[in-house]
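Taken in sequence, the protein lines are chains A and B.
Per this note's numbering, residue 64 is the first one in the first sequence, and the count goes up by one each step.
Per this note's numbering, residue 64 is the first one in the second sequence, and the count goes up by one each step.
Number of protein chains: 2
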Amino acid sequence: MTTQQLTKNQGLVFDVLSHSDSPLSAYTILDKLRDNGFRAPLQVYRALDKLLEFGLVHRLESINAFVACAHPNEGCHNHGITAFTICETCGKVTEFHDHVIEDRLKAFAKDRNFKTGKTTIEIRGTCAGCA
Amino acid sequence: MTTQQLTKNQGLVFDVLSHSDSPLSAYTILDKLRDNGFRAPLQVYRALDKLLEFGLVHRLESINAFVACAHPNEGCHNHGITAFTICETCGKVTEFHDHVIEDRLKAFAKDRNFKTGKTTIEIRGTCAGCA
DNA sequence: AATGTGAATGTAATGTTATTACATCAATTG
DNA sequence: CAATTGATGTAATAACATTACATTCACATT
Chain A
64 MTTQQLTKNQ GLVFDVLSHS DSPLSAYTIL DKLRDNGFRA PLQVYRALDK LLEFGLVHRL
124 ESINAFVACA HPNEGCHNHG ITAFTICETC GKVTEFHDHV IEDRLKAFAK DRNFKTGKTT
184 IEIRGTCAGC A
Chain B
64 MTTQQLTKNQ GLVFDVLSHS DSPLSAYTIL DKLRDNGFRA PLQVYRALDK LLEFGLVHRL
124 ESINAFVACA HPNEGCHNHG ITAFTICETC GKVTEFHDHV IEDRLKAFAK DRNFKTGKTT
184 IEIRGTCAGC A
């Protein structure tokens, strides 16, 4: 999935997220795109829904915010479960993938016949630079 | 931590959560406690803050809802990172603790000098009974 | 070029979740 | 008893997200 097949609104939203050094809320994105004709939250949420679907963007559940994927050209969906550290001081987000954790969670779910949908792993704290 | 040293509001909120078979939103709790004199969201949020602090209740970040801890008498804070499966059909939540996952996350954080605060692990999907 | 279809968009209104601000009350302690 | 601290009550507002409905755009088929 490259960024070329995105629609205008999807492209604008992805661009804003890509150029941000910290996660953004939907309403912050909206404000940044007012000059581009955005008027309503739904324009942002609809674009985000598609970007999430494409694996170009991640939603950080614990802070109600969105970040561009760290490796959008590869399609993040290929990498299995995505985990994040989120610095509560500077907002810096680091995305990582750990197959051991993934296997462990899968095994737990399998043992209980739990059919896994989306998995969230988020570590909030303080990054090295802010400590 | 037993339930005895809770204040009136904390006790009421904990009671509602304890008797629910699925997670509840703050506003749902508020509605259930109207007859007990609750009038405003803040009464619920303040009680929840304390219950979270005591380890008697967990917040499910991915669905903006709250559940009573599965083993409140032991103080969940003693069990390290808490993970959950959340059935999107029936709402059933299962709490579990996995030291391998915990060690792995701790190691990742340590490697990057990331000071870990709260960690969220939530698997949403479909439970065995709903499949 | 006209038409049909599905995806994307525009807009308003509303619903849901959470916090700020400020006043009051209750328990404890010096 | 005064002072402090934690809990509570209440109103207002902020922040996040969805529903509903009308319109437009892209594109395939005729």
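Ideal placement from N, C-alpha and C gives every residue a C-beta, glycine not left out.
None of these values were measured; they are calculated from a predicted model.
Shorter than 8 Å from the beta carbon of residue i to some beta carbon of chain B?
i: isoleucine 184 of chain A; result: yes
If we call anything under 8 Å between Cβ atoms a contact, is residue i one with residue j?
i: arginine 187 of chain B; j: glutamate 158 of chain B; result: no
i: lysine 178 of chain B; j: alanine 194 of chain A; result: yes
i: isoleucine 144 of chain B; j: isoleucine 184 of chain B; result: yes
i: arginine 97 of chain A; j: aspartate 161 of chain B; result: no
i: leucine 119 of chain B; j: valine 156 of chain B; result: no
i: valine 130 of chain B; j: leucine 80 of chain B; result: yes
i: leucine 115 of chain B; j: phenylalanine 77 of chain B; result: no
i: alanine 103 of chain B; j: arginine 175 of chain A; result: no
i: threonine 148 of chain A; j: alanine 89 of chain B; result: no
i: glycine 180 of chain A; j: serine 85 of chain A; result: no
i: phenylalanine 101 of chain A; j: leucine 93 of chain A; result: yes
i: leucine 28 of chain A; j: alanine 128 of chain A; result: An answer regarding residue 28 of chain A cannot be provided, because it is not within the stretch 64 to 194 covered by chain A.
i: asparagine 136 of chain B; j: glutamine 106 of chain B; result: no
Going along chain A, which residues have a C-beta under 8 Å from residue i?
i: glycine 180 of chain B; result: Glu151, Ile186, Arg187, Gly188 and Thr189
Spell out whether any CB of chain A is found under 8 Å from the CB atom of residue i.
i: asparagine 176 of chain B; result: yes
Quick one: list the residues of chain A neighbouring residue i, beta-carbon separation under 7 Å, in chain order.
i: leucine 87 of chain B; result: Simply none; closest approach about 18 Å.
In chain B, which residues lie with their C-beta within 8 Å of the C-beta of residue i?
i: alanine 194 of chain A; result: Asn176 and Lys178
> Listed in chain order, which residues of the stretch 101 to 130 of chain B have Cβ atoms closer than 7 Å to some Cβ of chain A?
Replying inline: Glu124 and Ser125
>> Which residues of the stretch 146 to 173 of chain B have a Cβ closer than 8 Å to any Cβ of chain A? Give them in chain order.
In response: Ala146, Thr148, Cys150, Glu151, Thr157, Phe159, Asp161, Val163, Ile164, Arg167, Leu168, Phe171 and Ala172
> What runs of the beta strand (DSSP E), each 3 residues or longer, lie entirely inside the stretch 122 to 182 of chain B?
Replying inline: 128 to 131, 146 to 150 and 156 to 159
> Going along the chain, which unbroken runs of the alpha helix (DSSP H) with 4 or more residues stay wholly within the stretch 95 to 120 of chain A?
Replying inline: 104 to 117
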